[in-house]
Amino acid sequence: MRKSVAVIGLVAAATAGLAAGCGSTGRGGAEAKAPNVGERSCGRVHPGVGAKPLAGARQGGVVALAKAGGKTIAYVADEDDGTIHTVDVATGNELGTTQLGGTPSQLVVAADGRVVVALRDKAAIEVLEPEADPAQPLASRCTVPTPVEPVALATTPDDGTLLVTSGWGAALTAYDVASMGRTYEVPLPREPRSLVVSDDGKKAFVAHVVGSRMSVVDLAAKRVRPVDVGGIEEGGFRRPRIGLFGGGEEIERRACQGFALAKSTDLSGRIFAPQVLVDPGRAEERSEGYGSGGMNPPEVAAVAVVDEDTEQPIGESVSVKPDVRQMVGVARPRAACLLPRAAAMDPGSRSLFVSCLGIDTVIEYDAAAADPQHAERRRFTVAAGPTGLAVDPEGRRLVVWSQFDRTLQIAPLGAKDVAAVDAPAIVRVGLSRKAQTAATADLELGRKLFHASGDTRISSDGRACASCHPDGRDDALTWATPEGPRQTPMLAGRLAKTAPYGWTGRGDSVEAHLSETFGRLGGAGLARREIDALIAFATALRPPQAEMRDGTNDVLVQRGKAIFHSTQAGCGTCHHEEGAWTDHTAHDVSSRADADVAATFDTPSLRFVGGTAPYFHDGRYATLRSLLVDSDGKMGHTKHLAKEDLDALEAYMRSL
Amino acid sequence: MSRIGKSAWMALAAASLAVVVGAPVHAAGTPSFSSVPEARVPEMLHPKDAPDTIPAGERVEGVRVDGTMFKGAPTFTAVQADGGRCVSVGAIPPGVPPSGSAATSIRVGGVLPLRVERLVERKPGEAELEIVDAWFDGRTSSVRQATSTRVPLTVLAKGPASYVVYGFRKGDELQVVIPSQDRIGYVDPRGQIGFTQCGHLRIGLDTTAKNGAMLMAAGRIQTKRAQRPAPSFHPQSQAVPADTTMRALQVTVSTSRTKREREPLLSASVGWAEDDEGVTAGFRNDFVDAPNVEPIESE
């Protein structure tokens, strides 16, 4: 029993707080009520007792700091074990643990000291109350339902409202902090993650893993405005365009990996969004690997600086620039932060800290720079899987949680002016954990390999598996490949029973497809055990909320199911329910694009199809509805369907 | 030195670089934009004011004119600046650093305006820019000084090894002055790359630019080794023990402004761009064609 809990926890963590996808669909938050959710009072039983939040700390994180008497304590959300660790930041001593009712993604300390935890796998937030002694476990007060997969939390400046973003549920939900009653919900585009609230409390800024966007939510009007955080590379060179006398070209880069956000009242009006700017290449051209190739790296690290008032990024911060160090012969490039996962500001030194998976590094940037990415102050290595960061401005400390190695690190921030500070002397604390098994050891290795960026065994340009498959899902991008355009498929929950793999179905096994992928990425390859571990991890990636369904539209779904399997529509002809929604066969559905070398494509599984736009091998359909309508006659028939029928069909497909 | 030799050295240098971890960058006390003193830099002389000719034999300190360098094209004259000076002749095109370069060539014609700049660093943190405006006559290979201006500089950022980046304000522009001991590579605010080999690089940042403005530069400076050199497979590097190294440094200066900020936010930082296993000074000087570097004064 314990073994299975540990394995599930690890995989849930991998699909949760770690790596999700760059897309375009927007939909409201599907909600599922887990057992014991929403049945108890959420208020404090012992008001005034226990730890309180640090002054001004209102953004949730994997690590949240609080003051307990004279001590600064860190609450650490441990995704693998489903616990909160309470740690004395001054000594590094683990004071206690609190078992949660699910897998935590983020937590935040409310103004009255209650700890609110987003339970990613339970579609709920759990509210806990601290005891007088911080060593005692937090007392659970209630759980409150949320849209599917709550991933990030923040409270408004008046401490009256709790905001929750839900990843798969694609929504921002507001709760009254006192009662934890839901007050409103705003649908968001795909894969929202971290959020921060504007100084005046009127707007929430939400990062997105995919879609090259940030969302600005007007909290009064309940409206969403998109902010394009994609970038421009001037003077870039793609392989096909290099000529003897040819100049560079302007390359539009798409933003991905928007997991983290940070802001500071010290640099008022600036919101920092660590991300990656991607050049997937032109869909109408073939390439040698994934992306355009040539002199342009497919992915470059960036930190978008968004003006809180104009809701636009400062142009310099999303402008891709040459590496000036190489101009003076510094041949070895710095490992790029291609998997940023957490960010925190130190107002004292105007420093922005970003934790980077894959290279297991925390990078300190000058947050006052127009482009912080090119104003790096220092970097230091941390244990594997840094998913959480918090700054203790009073104690001048940085707290880093590395989930993969289950290690908490406490680093001195140094002088406020940062001058003459070398790599800090880091205190490393291995926190307690549940019993491990051989199975979890393999999954742990697989998880590290999946996120290994800058590893030449995986790719020659720094990309990791999680670069295109964040959280094991998809990046919503269509990449130029030697065979034509290829939209990234979701992995989590889609590998089992869906062979063959790859859009043309050439990979008989995951391993065979993996081998081809490594080849296209220019990776040297892994050892046998590592390949096994990576495959074990990839196939065990837990899909979003697989066990929970939205039961509010059952009638519509049932109607859609009938249409799906009807002879007239013909969807079920190829998408067999018993075959994981595929017939494992390639078909020509008149979808060959100019750059395609073949006209037939393997029937993709429809598992989780509702959250993986765009669609088709070349990403030609931006939404599920456009796929259903525009592919009529080429792949099933929908022309005869009324709007209500299409609604039903779409609802059914979203339930798969 | 042969091309092959230089390439081999470059490869060896690249191979010898160690991982850059924890290289601190210094951003102590970056001033606010409004606190940076305004300085007056005179416009370059206007050609309409030029004398008809300058007799042979007139000279300006630190400027050498060689009319015989281009034997195949006698219509060109080479102008070189010595002692870390930078020179510009004629109008400076947009996008070209106003500080000029170590050398330039000019088509022989009428009398042209010439400017010589020199960064005079009395000690790290105390510096001024010496600007000499003159007339240049390529026909007689002569230069006549017209005016001399000294522009006080303020510290924008202090870096390791007593390296300092200076600047001054010129209207809405932040003029950035970056000292150079060797070649400096830079990416200017338009995203264009360039190099300079004279004693400093001066570039202006337009603080009114909507998207912000950023200058990045990198160059090597001579510094003492912090640790023993790593073992090298190259016999010649072992034969030249050195306790100094040419270590790459990166400078980043930017201005940007959000809607609520009352003035442009200035950021300036200087830090090592590689670790201590850079290129040893002795090894480098033995094998590479490059101007000798002048060590900066230490406090």
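Just so you know, the protein sequences line up as chains A and B, in that order. Taking this note's numbering, the leading residue of the first sequence gets 14, the next gets one more, and so forth. Taking this note's numbering, the leading residue of the second sequence gets 92, the next gets one more, and so forth. The beta-carbon is built from N, C-alpha and C at its ideal position, and this holds for glycine as well. Note that the structure is predicted; figures quoted are calculated from it, not measured.
- Counting only residues of its own chain and dropping the five nearest sequence neighbours on each side, residue 315 of chain B has a CB closer than 7 Å to the CB of 334 and 335.
- At a Cβ-Cβ threshold of 8 Å, residue 306 of chain B and residue 267 of chain B count as neighbours.
- Residues of chain B whose Cβ lies closer than 8 Å to the Cβ of residue 101 of chain A do not exist; the shortest such Cβ separation is about 26 Å.
- Against chain A, the beta carbon of residue 352 of chain B has neighbours under 7 Å at 282, listed in chain order.
- For residue 74 of chain A, the pairing in a beta bridge is given by DSSP as A:120.
- According to DSSP, residue 227 of chain A shares a beta bridge with A:220 and A:240.
- Per DSSP, residue 642 of chain A lies in no beta strand (DSSP E) segment; the continuous alpha helix (DSSP H) that holds it begins and ends at 637–643.
- Against chain A, a Cβ distance below 7 Å from residue 284 of chain B picks out 335 and 340.
- In this structure, residue 580 of chain A keeps its C-beta atom at 8 Å or more from the C-beta atom of residue 588 of chain A.
- Going by beta carbons, residue 356 of chain A and residue 402 of chain A fall inside the 8 Å limit.
- If you check each beta-carbon in the stretch 308–336 of chain A against every beta-carbon of chain B, the ones closer than 8 Å belong to 318, 320, 321, 322, 323, 327, 328, 329, 330, 332, 334 and 335.
- Residue 127 of chain B and residue 261 of chain B have their C-alpha atoms spaced approximately 10 Å apart.
- The residues 383 and 384, in chain order, have a CB closer than 7 Å to that of residue 329 of chain A in the same chain once the five nearest residues on each side in sequence are set aside.
- The Cβ neighbour count for residue 308 of chain A, taken over all protein chains shown within 10 Å, is under 16; the residue is labelled exposed.
- The beta carbons of residue 611 of chain A and residue 517 of chain A sit closer together than 8 Å.
- Taking C-alpha positions only, residue 584 of chain A is separated from residue 568 of chain A by approximately 19 Å.
- Distance from the CA of residue 162 of chain A to the CA of residue 446 of chain A, rounded to the nearest whole angstrom, comes to 24 Å.
- The secondary-structure analysis by DSSP pairs residue 177 of chain B across a beta bridge with B:208.
- For residue 313 of chain B, there is no enclosing alpha helix (DSSP H); the enclosing beta strand (DSSP E) has its first and last residue at 304–315.
- Look at the stretch 476–529 of chain A and you find these whole runs of alpha helix (DSSP H), each 4 residues long or longer: 478–481.
- When rounded, the separation of the alpha-carbon atoms in residue 186 of chain A and residue 484 of chain A is 22 Å.
- Residue 474 of chain A counts as buried, since no fewer than 16 other beta carbons sit within 10 angstroms of its beta carbon.
- Comparing alpha-carbon positions, the option among B:177, B:299, B:199 and B:184 lying closest to residue 190 of chain B turns out to be B:177.
- Per DSSP, the beta-bridge partners of residue 139 of chain A are A:130 and A:156.
- Under the rule that a run must span 3 or more residues, no beta strand (DSSP E) segment is found entirely inside the stretch 578–612 of chain A.
- Contact between residue 417 of chain A and residue 461 of chain A holds, with the beta-carbon distance rounding to 6 Å and staying under 8 Å.
- Going by beta carbons, residue 525 of chain A and residue 371 of chain A fall outside the 8 Å limit.
- The continuous alpha helix (DSSP H) containing residue 662 of chain A extends over residues 656–667.
- Put simply, of A:131, A:490, A:197 and A:622 the residue whose alpha carbon is nearest the alpha carbon of residue 311 of chain A is A:490.
- Only those residues of the stretch 394–415 of chain A whose C-beta falls short of 9 Å from the nearest C-beta of chain B are listed: 394.
- Annotation: residue 356 of chain A has no Cβ neighbours in chain B at a cutoff of 9 Å; minimum Cβ distance is about 18 Å.
- Any Cβ of chain A closer than 8 Å to the Cβ of residue 125 of chain B would place that residue at the interface, and such an atom is absent.
- Burial state of residue 64 of chain A is buried, judged by a 10 Å Cβ sphere holding 16 or more other Cβ atoms.
- Every beta strand (DSSP E) of 3 residues or more that sits fully in the stretch 291–377 of chain A is shown, in chain order, as 312–320, 353–359 and 364–369.
- Separation of the CB atoms of residue 253 of chain B and residue 390 of chain A is rounded to 19 Å, and the pair is thereby denied contact status at 8 Å.
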